Amino acid sequence: MTQEQKTDNLILLLMALGAVIFHVALNGQYGFHRDELDFIMNARQLDWGYVSYPPLTPLFARIGLELFGESLRGLRVLPAIAQGIAMILAAWMARDMGGKRNAQILTAFAVFIAPVSLFGGTVIMYFAFDYLWWVMVAFFTVRLLATDDARHWLGIGAGIGLGMMTKYTMAFWVAGLVVAVLITPARKYLRSKWLYLGAALSLLIFLPNLIWQIQHDFIALDYLSSIHARDISWGGQTIFSPNSFFSPPIRFPSPSGRSDLACACSLPP
0 MTQEQKTDNL
10 ILLLMALGAV
20 IFHVALNGQY
30 GFHRDELDFI
40 MNARQLDWGY
50 VSYPPLTPLF
60 ARIGLELFGE
70 SLRGLRVLPA
80 IAQGIAMILA
90 AWMARDMGGK
100 RNAQILTAFA
110 VFIAPVSLFG
120 GTVIMYFAFD
130 YLWWVMVAFF
140 TVRLLATDDA
150 RHWLGIGAGI
160 GLGMMTKYTM
170 AFWVAGLVVA
180 VLITPARKYL
190 RSKWLYLGAA
200 LSLLIFLPNL
210 IWQIQHDFIA
220 LDYLSSIHAR
230 DISWGGQTIF
240 SPNSFFSPPI
250 RFPSPSGRSD
260 LACACSLPP
């Protein structure tokens with residue numbers, strides 16, 4: 000590692016630390032989100048799976064409870080740290096793509112101000128960590144292509160496994176990755192043992208929840224089906240709508256002390 004890279008890393012670390020402090024300092028101004036209460040309840044009864052989500056987020060909530068008790072700021076420390084790590088990984092991706100210091104700083108800042116990251120750093124909910132795992136898989140994928148070091152499949156596999164233990168939508172990342180490998184020159188890795196070791200690692204991490212789902216007749220599928228039926232009945236739509244990305248209000252930590260700063264971004268029908 001060159002001296003320039005060490006300096007870049009120090010700058011990124013300070014930015015990430017600043018983001019974590021920002022979240023922790025401001026995320027106690029409003030009460031628990033209703034979904035947070037669900038995770039806290041399950042954190043008191045840890046298991047390898049739950050009806051509505053995998054077990055990793057309740058585990059993080061349990062760690063928060065053990066360290067800080069039922070503290071708003073304390074329980075939200077780990078989500079804030081997750082956003083800081085995502086900033087660093089994204090900046091390193093920019094570096095692997097040829098970006099210099101300014102590009103890395105801009106990338107880290109863009110991640111910090113992204114609505115999903117701003118909200119994710121203020122609540123103990125699965126998307127705060129799911130976001131990190133997606134960035135982690137993307138980072139190791141970019142690093143794999145930049146260095147042609149097949150050992151990075153282990154990092155990809157670890158990220159996929161952790162993602163599946165956080166939110167099942169990681170399966171969409173996997174589907175896209177499989178297609179990309181098959182139709183691009185990256186299919187050369189099909190001859191590498193590291194790809195299969197990475198796949199085995201992801202399965203090993205996810206295996207406890209998979210066994211739990213088998214033992215409970217894949218109850219998560221029933222839950223997702225009911226949620227889908229509910230959303231259709233509420234939205235009156237049977238197809239995907241881009242409005243779904245904009246209709247929920249997004250909360251941000253407000254230095255002014257207001258309990259909730261919401262931006263309603265609904266598009267007209």
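For the sequence shown, numbering that gives the first Met the number 0 begins at 0 and goes up steadily by one.
From the three backbone atoms N, C-alpha and C, an ideal C-beta is built for every residue, glycine too.
Since the model is a prediction, treat every value here as computed from it, not as a measurement.
Looking at I182, E65, W211, S201, the one whose alpha-carbon comes closest to that of A170 is S201.
Within the stretch 23-88, the complete alpha helix (DSSP H) runs of at least 4 residues fall at 33-42, 55-67, 71-74.
Assignment of R150 by DSSP, reduced to helix, strand and coil, places it in the coil class. Here K166 is buried. Its C-beta has 16 or more other C-beta atoms within 10 Å. Using a C-beta cut-off of 8 Å, the stretch 156-164 makes no contact with the stretch 115-122, since fewer than three inter-stretch Cβ pairs fall below that distance. In this structure the stretch 140-159 does not lie against the stretch 29-43, because fewer than three pairs of beta carbons, one per stretch, are closer than 8 Å.
In the three-state reduction of the DSSP assignment, S225 falls in the helix class. By the beta-carbon neighbour count (other beta carbons within 10 angstroms, threshold 16), Q103 is buried. Cα atoms of G97 and A89: separation of roughly 13 Å, rounded to the nearest angstrom. Of the residues assessed, I155 falls on the buried side of the cut-off, its CB having 16 or more other CB atoms within 10 angstroms.
The shortest CA-to-CA distance from L13 to any of I84, V180, T1, W133 is the one to I84.
DSSP, read as helix, strand or coil, puts I123 in coil.
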